[in-house]
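K.L.:
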Amino acid sequence: HSHLRQEVFRSMRIPIFWIIAAQLAALNVAPAQTASDRFDHALNFARQRALRTVAWLGEKSAYPRSSRSTGGGWDVTPANDWTSGFFPGLLWYLFEYTGEDSLLRAAERWTDGLESEQFNRGTHDVGFMMFCSVGNGYRLRPSDRYHAILLQSAASLAERFNPAVGCIKSWDWNEEWSYPVIIDNMMNLELLFWASKNGGGERLRTMAISHAVKTMENHLRPDGSAWHVVNYNPVTGEVSSRFTHQGAADSSAWARGQAWGIYGFTMTYRETGDPRFLAAAGRLADYYVAHLPSDGVPYWDFQAPGIPNTERDASAAAIACSALLELSELVQDSSLRETYASAAEHMLASLSAPPYLAEGTKSMGILNHAVGHRTANREVDVSLIYGDYYFVEALLRYKRVRSL
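Position 78 of the sequence shown, counted from 1, bears residue number 78 in this note's numbering, the numbering being contiguous throughout.
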């Protein structure tokens with residue numbers, strides 16, 4: 001009978017796709033959801049959550065930072081918090097995806113609320129704050145005002161650069177640390193690269209490259225993991241100590257720090273073409289991918305005590321996913337390209353479904369199960385605005401890279 005059916009099918013010249021579809025219909029079985037369908041669903045859910053947050057904030061001059069799955073709205077911050085740029089940046093990304101005027105108006109409103117931060121010289125995170133918000137605004141709706149704000153923001157960031165150290169200083173708040181530089185700070189270099197190409201001068205590019213070289217030399221371990229904090233002597237530029245602030249131990253690999261490193265060195269290679277930075281990104285990425293649990297969402301630290309009975313960090317997964325997608329476009333080796341792209345797709349698929357996608361929960365955010373500062377017991381197992389931002393960025397990058 002099987003042979004007879006095959007002969008009939010061949011004689012009728014019916015495409016096998018339609019045969020399978022007819023069989024599934026007869027059995028009342030729907031075809032499996034494609035990656036495109038799943039990721040479009042996640043983007044549409046992100047749009048709903050963003051508009052819900054806009055309505056919840058109303059006329060408040062505040063920026064969402066974290067939200068618990070049990071509800072209660074967002075914990076919000078003023079404009080000078082390091083996370084303030086992610087909500088307007090998220091709105092810009094969703095406007096880019098949908099073209100909706102309501103998202104454009106909201107993006108412009110919360111971006112305008114950050115204008116005074118262009119003069120903020122008290123934080124290394126002015127890059128996060130201004131490039132994720134004003135930078136995306138300028139990319140999608142160029143204006144002289146946005147251009148000027150970005151140049152001034154870069155000038156403010158540059159004032160934290162110490163030539164003796166060759167890096168931009170991170171935190172000011174602990175006097176025991178003479179000149180701390182955190183792996184996260186790689187993310188702020190993109191503002192300097194942009195400004196250098198858009199009227200800010202070569203000096204800003206030189207600073208960014210110097211910072212990246214020093215971070216590559218002093219933050220990366222031989223196994224491809226990264227130190228969180230390197231403390232320098234501000235006079236001699238020598239390394240005074242290496243330690244963690246948010247990881248499980250000084251010698252461990254804090255998952256989000258590892259993700260910042262992959263993203264930052266990938267971006268720096270994109271901006272410079274220097275193969276040293278591509279190699280650094282690859283070392284960090286290889287460690288990250290090799291130490292992931294089966295669903296691709298890391299524990300908050302790769303050596304966290306209590307694994308597997310400890311928290312995951314969906315924000316680290318979102319950042320790394322976006323970084324790996326870009327890295328997959330930049331490496332020349334086809335097998336590496338596929339390794340990074342496949343790892344990113346697997347992470348993105350996990351994030352786009354329960355328990356990580358916050359659909360059906362009371363959280364105001366998009367992703368659940370993110371961790372801000374586990375060792376201080378702050379923002380543990382929550383939605384984090386920067387996780388949401390990089391998740392949507394990763395979804396949009398995936399659609400472009402995979403041509404969905």
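Built from N, CA and C at the ideal position, the CB exists for glycine as well.
Skipping 5 residues on each side, what residues in its chain have a beta carbon closer than 7 Å to that of Met129?
P.N.:
Taken in chain order, the residues that qualify are Trp82, Ser84, Gly85, Leu114 and Glu117.
K.L.:
In the structure shown, what three-state DSSP assignment does Ala358 receive?
P.N.:
DSSP places Ala358 in coil when its eight states are reduced to three.
K.L.:
DSSP on Ala30, reduced to helix/strand/coil?
P.N.:
In this predicted model, Ala30 has a pLDDT of only 40, less than 50, meaning its place in the structure is not dependable; the value taken from the coordinates is given anyway. Reduced to three states, the DSSP call for Ala30 is coil.
K.L.:
Is the separation between the beta-carbon of His124 and that of Asn218 shorter than 9 Å?
P.N.:
Against a cut-off of 9 Å, the Cβ pair of Asn218 and His124 comes out as no contact.
K.L.:
Since His369 and Pro355 are thought to touch, with beta carbons under 8 Å apart, how far apart are those beta carbons, to the nearest angstrom?
P.N.:
With 8 Å as the limit, His369 and Pro355 qualify as a contact, their Cβ atoms being about 6 Å apart.
K.L.:
Let me know the beta strand (DSSP E) ranges lying completely inside the stretch 137-207, each 3 residues or longer, listed in chain order.
P.N.:
Taking only runs of at least 3 residues, the beta strand (DSSP E) segments lying wholly in the stretch 137-207 are 180-182.
K.L.:
Drop a sphere of 10 angstroms on the beta-carbon of Thr244, count the other beta-carbons inside from all chains shown, and report buried for 16 or more, exposed for fewer.
P.N.:
Looking at its Cβ environment, which holds 16 or more other Cβ atoms inside 10 Å, Thr244 is buried.
K.L.:
What span of residues does the alpha helix (DSSP H) with Ala50 cover, start to end?
P.N.:
Ala35 to Leu57 is the extent of the alpha helix (DSSP H) around Ala50.
K.L.:
If you count every other CB in all the chains shown that lies within 10 Å of the CB of Lys430, and 16 or more means buried, which is it?
P.N.:
Since the first residue of the chain shown is 1 and the last is 404, residue 430 is not available in this structure.
K.L.:
Between which two residues does the beta strand (DSSP E) harbouring His373 extend?
P.N.:
That run of the beta strand (DSSP E) goes Ala370 to His373.
K.L.:
Using only CA atoms, which one of Phe161, Leu284, Arg160 and Glu108 lies nearest to Pro142?
P.N.:
Residue Glu108 is the option with its Cα nearest to Pro142.
K.L.:
Going by DSSP, which residues form a beta bridge with Thr77?
P.N.:
In DSSP, Thr77 forms a bridge with Tyr63.
K.L.:
Opposite Arg221 in the DSSP bridges: which residues?
P.N.:
Answer is none; Arg221 lacks a bridge partner.
K.L.:
I need the boundaries of the beta strand (DSSP E) containing Leu384, first residue and last residue.
P.N.:
Arg378 to Leu384 is the span of the beta strand (DSSP E), which, as asked, contains Leu384.
K.L.:
Rounded to whole angstroms, what's the CA-CA distance from Ser350 to Tyr179? Just pull it up for me.
P.N.:
So the two alpha carbons sit approximately 39 Å from each other.
K.L.:
Figure out for me which residue from Asn198, Glu159 and Arg47 has the closest Cα to the Cα of Ala106.
P.N.:
Among Asn198, Glu159 and Arg47, the Cα nearest to that of Ala106 is on Arg47.
K.L.:
Using a Cβ cut-off of 9 Å (strictly closer), state whether Thr123 contacts chain C.
P.N.:
In summary, chain C is missing from the structure at hand, where a single protein chain is found.
K.L.:
Suppose you measure from the CA of Asp172 to the CA of Gly122; what does that come to, to the nearest Å?
P.N.:
About 8 Å.
K.L.:
Considering only residues of the same chain and omitting the five flanking positions on each side of Pro418, which have a CB-CB separation below 7 Å?
P.N.:
A query on residue 418 cannot be resolved here, the shown segment of the chain reaching from 1 to 404 and no further.
K.L.:
Kindly give me the distance between the Cβ atoms of Arg402 and Glu326, rounded to whole angstroms, as I take these residues to be in contact under 8 Å.
P.N.:
Not really, about 13 Å apart at Cβ, beyond 8 Å.
K.L.:
Look at the alpha carbon of Ile149 and the alpha carbon of Thr70, and state the distance between them as a whole number of angstroms.
P.N.:
Distance between the alpha carbons of Ile149 and Thr70: 38 Å.
K.L.:
How is the alpha helix (DSSP H) around Phe128 delimited, first residue to last?
P.N.:
Unbroken alpha helix (DSSP H) run through Phe128: Val126 to Met130.
K.L.:
Can you give the Cα-Cα distance for Arg337 and Leu220, rounded to whole angstroms?
P.N.:
C-alpha separation (whole angstroms): 22 Å.
K.L.:
Have a look at Phe95 and Ala42 and give me their C-alpha separation to the nearest angstrom.
P.N.:
Spanning the two alpha carbons is a distance of roughly 15 Å.
K.L.:
In its own chain, which residues sit with a C-beta less than 7 Å from the C-beta of Ser241, not counting the 5 before and 5 after it?
P.N.:
Counting only Cβ-Cβ distances below 7 Å, and skipping sequence neighbours, we find Asn231.
K.L.:
Can you give me the Cβ contacts of Glu190 inside the same chain, cut-off strictly under 7 Å, excluding the 5 residues immediately before and after it?
P.N.:
Answer for Glu190: Gly127, Phe131 and Met267, listed in chain order.
K.L.:
Report all residues from its chain with a CB closer than 6 Å to the CB of Ile385; omit the five preceding and five following residues, and keep chain order.
P.N.:
If we look at Ile385 and ignore the five residues flanking it on each side, its Cβ neighbours are Pro64, Arg65, Thr83, Phe86 and Phe87.
K.L.:
What number of angstroms, rounded off, separates the C-alpha of Ser102 from the C-alpha of Gly365?
P.N.:
Straight-line Cα distance between these residues: approximately 19 Å.
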